[in-house]
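With numbering that gives the first Met the number 0 as the guide, the letters of the sequence shown map in order to residues 0 to 290.
Don't be surprised by glycine CBs; every beta carbon is placed ideally from N, CA and C.
For clarity, every value in this text was computed on a predicted model and none was experimentally measured.
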Amino acid sequence: MIESFEGKIAFITGGASGIGLGIAKVLVERGAQVVLADLRQDHIDDALAEFAGGGRSNAVSALQLDVTNREKYREAAQKMQDEFGGIDILVNNAGVGLEGPLLEATYADYDFGFGVNVGGVINGFTEFMPQMIAHGRGGHIVSTASLAAEVVMPPQMAIYAASKAAVAHFCEAVKPELMQHDIGVSILLPGPVKSRIHETIDNRPEHLRSGSGFVASEKKLSRRIVGGNWMEPTEVGNLVADGILSNATYLVTHGFFKDGMRARAEAVLAATPDTKEVFDSFGNYRDEEED
Ligand SMILES: NC(=O)c1ccc[n+]([C@@H]2O[C@H](COP(=O)([O-])OP(=O)(O)OC[C@H]3O[C@@H](n4cnc5c(N)ncnc54)[C@H](O)[C@@H]3O)[C@@H](O)[C@H]2O)c1
């Protein structure tokens, strides 16, 4: 696990904008060497310009990567191995803010949303877990889900919410396994944070544009103004950095969904029978009363 960021190597997907960049700034400030991996060269150029001239600007580098491209992701992981002897911290943060009229959603929309938001995270785990286990230094993996994963969202957010719920559940399940290799796992659950997620339409690959049912809503989203009272990305960065050090499972930025989170959990519990099943070691279960 991570006890200090001094000299640690962090690989942050979607690291050139918004939340990822906020995390990068804080990790650099606390002593880490950070690699920003991002789809958008313009975001990378902007981000590197922000670091330029700063005291630790040589602690930041960047590479252009589409997290859905497994071949390129594997090359990026190999580059981290060759250049740094492997990474210590992986931040699976790249994501797209997919939303639109559910009944008009096509496979292009499902593939885009799940491809980046779930596939990108799974590709990160798949490429970096073996490397982090093999170098034996321990480490940490943070994945950005969303508070949308924890409440019942409106239909236009169904794909986004489902993709983020998948991330959260995957990370929860994998945590005990990675703990055995001294690798911590955290799930970031943000509410509104200042970012460029409204540019989602620009991050959609060409082959998933034709036939999309979400074109109009993505164009509308692109005109959304970032709220002045939304959280600053570096505030999220500090929450993440502290969460890495304490190996906290859930890193939550806002409290306003608490009632909705509780209502959902209680609805599931209310529908759950009181019988207590007993599981055997094969995962088969039988009712206690059968004995
Ligand atoms: N900003 C919010 O209010 C908010 C709330 C909840 C969750 N989130 C999540 O936070 C994460 C970061 O988003 P953000 O709000 O900072 O948005 P952002 O658009 O500012 O940053 C995301 C970055 O990811 C990059 N990206 C997009 N697709 C990619 C791909 N296929 N491969 C590599 N990089 C890719 C973008 O170029 C961008 O630089 C996302 O997973 C998002 O779903 C954001």
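Beta-carbon contacts of residue i that lie in its chain and below 8 Å, excluding the five residues immediately before and after
{"i": "K78", "result": "L62"}
{"i": "R203", "result": "V95, F111, S211, E217"}
{"i": "A240", "result": "F4, I22, V25, L26, R29"}
{"i": "R291", "result": "What is shown of the chain runs 0 to 290, which leaves residue 291 out entirely."}
{"i": "T105", "result": "G210, S211, G212"}
{"i": "L320", "result": "Lying before the first or after the last residue shown, residue 320 is absent from the chain, which here runs from 0 to 290."}
{"i": "V17", "result": "Note that residue 17 is Gly in the sequence shown here, rather than Val. Excluding residues within five positions, the ones whose Cβ falls inside 8 Å are V192, K193, S194, R195, I196, P232."}
{"i": "Q130", "result": "A76, M79, Q80, G85, I86"}
Three-state secondary structure (DSSP) of residue i
{"i": "T248", "result": "coil"}
{"i": "V184", "result": "strand"}
{"i": "S162", "result": "helix"}
{"i": "I140", "result": "strand"}
{"i": "N283", "result": "coil"}
{"i": "L35", "result": "strand"}
{"i": "V192", "result": "strand"}
{"i": "F213", "result": "coil"}
{"i": "L64", "result": "coil"}
{"i": "M79", "result": "helix"}
{"i": "M178", "result": "helix"}
{"i": "M230", "result": "strand"}
{"i": "V239", "result": "helix"}
{"i": "R73", "result": "helix"}
Environment of residue i [buried if 16+ CB atoms lie within 10 Å]
{"i": "G118", "result": "buried"}
{"i": "H168", "result": "exposed"}
{"i": "H206", "result": "exposed"}
{"i": "R261", "result": "exposed"}
{"i": "G99", "result": "buried"}
{"i": "S185", "result": "buried"}
{"i": "F255", "result": "exposed"}
{"i": "Y284", "result": "exposed"}
{"i": "A51", "result": "exposed"}
{"i": "V166", "result": "buried"}
{"i": "E198", "result": "buried"}
{"i": "F278", "result": "exposed"}
{"i": "P189", "result": "buried"}
{"i": "T67", "result": "buried"}
{"i": "A76", "result": "buried"}
Own chain partners of residue i with C-beta closer than 7 Å, once the 5 adjacent residues on each side are dropped
{"i": "K24", "result": "T233, G236"}
{"i": "L20", "result": "G14, A46, P232"}
{"i": "A147", "result": "M156, Y159, A160, K163"}
{"i": "G282", "result": "none"}
{"i": "R136", "result": "D87"}
{"i": "D290", "result": "Any answer about D290 is weak, because its pLDDT of 49 lies below 50 and its placement is not dependable; what the coordinates show is given next. Counting only Cβ-Cβ distances below 7 Å, and skipping sequence neighbours, we find nothing."}
Selected residue, minimal CA-CA separation from residue i, among the options
{"i": "N346", "options": "D65, A31, A75", "result": "Outside the displayed span of the chain (0 to 290) sits residue 346, for which this structure offers no information."}
{"i": "V225", "options": "D65, T252, I196, Y249", "result": "I196"}
{"i": "Q179", "options": "I132, A215, V192", "result": "I132"}
{"i": "G114", "options": "R69, E103, V141", "result": "R69"}
{"i": "A247", "options": "A215, H253, L268, E171", "result": "E171"}
{"i": "H253", "options": "S145, G138, G242", "result": "S145"}
Cβ neighbours of residue i in the same chain (closer than 6 Å, five flanking residues each side left out)
{"i": "V34", "result": "F10, S60"}
{"i": "L238", "result": "L250"}
{"i": "I8", "result": "Q32, F83, I86, D87"}
Cutoff 8 Å: residue i Cβ touching any chain D Cβ
{"i": "G137", "result": "No chain D appears in this structure, which consists of one protein chain only."}
Open item on the list: As an exercise, report each continuous alpha helix (DSSP H) stretch of at least 4 residues that is fully enclosed by the region 252 to 279, in chain order.
Closed with: 257 to 269
Please give me, in chain order, every unbroken run of the alpha helix (DSSP H) with length at least 4 that falls completely inside the region 84 to 128. 106 to 113
| said: Ignoring anything shorter than 4 residues, give me the alpha helix (DSSP H) runs that lie fully in the region 7 to 59, in order along the chain. | reply: 17 to 28, 40 to 50
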